[in-house]
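Colleague:
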Amino acid sequence: MAVTLAFDVYGTLIDTQGLVATLRDMVGDKAAEFSRAWRERQLEYTFRRALMQNYAPLSICTAQALDHTSARYQTPLSPDQRTTLLEGYRTLPAFGDVADGLAQLRAAGFRLYAFSNGTAEAVRTLLDTTGVTDLFLDIVSTDDLRSFKPNPAVYSHFLRTAGATGAETWLVSSNPFDVIGALSAGWRAAWVKRSPEALFDPWGIPPTVTVPDLRHLAAAIAG
Numbered sequence: 001m002a003v004t005l006a007f008d009v010y011g012t013l014i015d016t017q018g019l020v021a022t023l024r025d026m027v028g029d030k031a032a033e034f035s036r037a038w039r040e041r042q043l044e045y046t047f048r049r050a051l052m053q054n055y056a057p058l059s060i061c062t063a064q065a066l067d068h069t070s071a072r073y074q075t076p077l078s079p080d081q082r083t084t085l086l087e088g089y090r091t092l093p094a095f096g097d098v099a100d101g102l103a104q105l106r107a108a109g110f111r112l113y114a115f116s117n118g119t120a121e122a123v124r125t126l127l128d129t130t131g132v133t134d135l136f137l138d139i140v141s142t143d144d145l146r147s148f149k150p151n152p153a154v155y156s157h158f159l160r161t162a163g164a165t166g167a168e169t170w171l172v173s174s175n176p177f178d179v180i181g182a183l184s185a186g187w188r189a190a191w192v193k194r195s196p197e198a199l200f201d202p203w204g205i206p207p208t209v210t211v212p213d214l215r216h217l218a219a220a221i222a223g
């Protein structure tokens with residue numbers, strides 16, 4: 001059976017820091033720091049909601065994280081500014097290697113799936129915006145289980161949906177928590193380390209392979 005690749009979306013295919021220029025017009029030179037804090041708080045909210053079994057879709061976590069970050073940095077946003085940012089999050093840009101890398105992997109015979117904390121509708125909007133939707137066999141969302149990564153149940157849900165086994169499936173992610181979650185569920189996993197400054201959690205559960213971008217992934221898997 002062909003190897004299945006489950007691609008994380010936010011932070012792996014899609015640049016969650018893609019609104020820094022927009023933020024700069026709103027919060028000035030705090031924009032990059034504000035953007036990183038917004039993303040960190042969004043993830044924290046998904047972790048907490050999954051653990052408490054108090055689910056709300058990723059869009060709600062994103063909006064609440066934005067409100068918290070705005071209060072933290074004492075940079076009030078007008079209703080129009082808030083709407084602009086949340087709408088912008090629905091059409092974030094892809095990283096530069098994504099289209100070529102995915103096309104190469106599809107041509108090499110891998111089974112490609114998008115696997116995300118976002119709803120299927122939100123993910124499809126992102127993939128349509130970046131022009132890569134047709135490279136995927138399907139979108140698998142943790143929303144189906146009303147939970148988030150790295151809950152072990154969502155990795156099992158992916159395997160059932162894709163008709164795959166953990167031994168034949170690789171998670172592809174830039175998010176260390178997701179990589180560790182997949183490895184803990186019995187998958188293999190590739191960490192996409194686009195920045196030399198990126199750090200991996202020192203849990204003694206290293207990624208199966210580490211690549212600088214998606215164009216290096218096929219060779220790394222063939223190893």
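Here the sequence shown is numbered in full-length UniProt numbering, starting from 1 and rising by one per residue. Yeah, the Cβ is synthetic: ideal placement off N, Cα and C, and Gly gets one too.
1) If we call anything under 8 Å between Cβ atoms a contact, is Ala99 one with Val140?
2) Quickly, what does DSSP pair Tyr10 with across the bridge? List them, please.
3) Tell me whether Arg146 is buried or exposed, calling it buried when 16 or more other Cβ atoms sit within 10 Å of its Cβ.
4) If we require 4 or more residues per run, which alpha helix (DSSP H) segments fall completely within the segment 69-105?
5) Could you name the residues of the same chain whose beta carbon sits closer than 7 Å to that of Thr169, not counting the 5 residues immediately before and after it, in chain order?
6) Rounded to the nearest angstrom, what separates Arg106 and Pro212 at their Cα positions?
7) Put Phe115 into one of helix, strand or coil per three-state DSSP.
8) Can you give the Cα-Cα distance for Ala189 and Leu214, rounded to whole angstroms?
9) Ser141 by DSSP, collapsed to three states: which one?
10) Which two residues bound the contiguous alpha helix (DSSP H) that contains Leu183?
11) Give me the residue from Ile60, Ala108, Ala162 with the minimum Cα distance to Glu87.
Modeller: Judging by the given coordinates:
1) no
2) Ile14
3) exposed
4) 79-89
5) Thr4, Ala6, Leu159, Trp187
6) 19 Å
7) strand
8) 13 Å
9) strand
10) 176-184
11) Ile60
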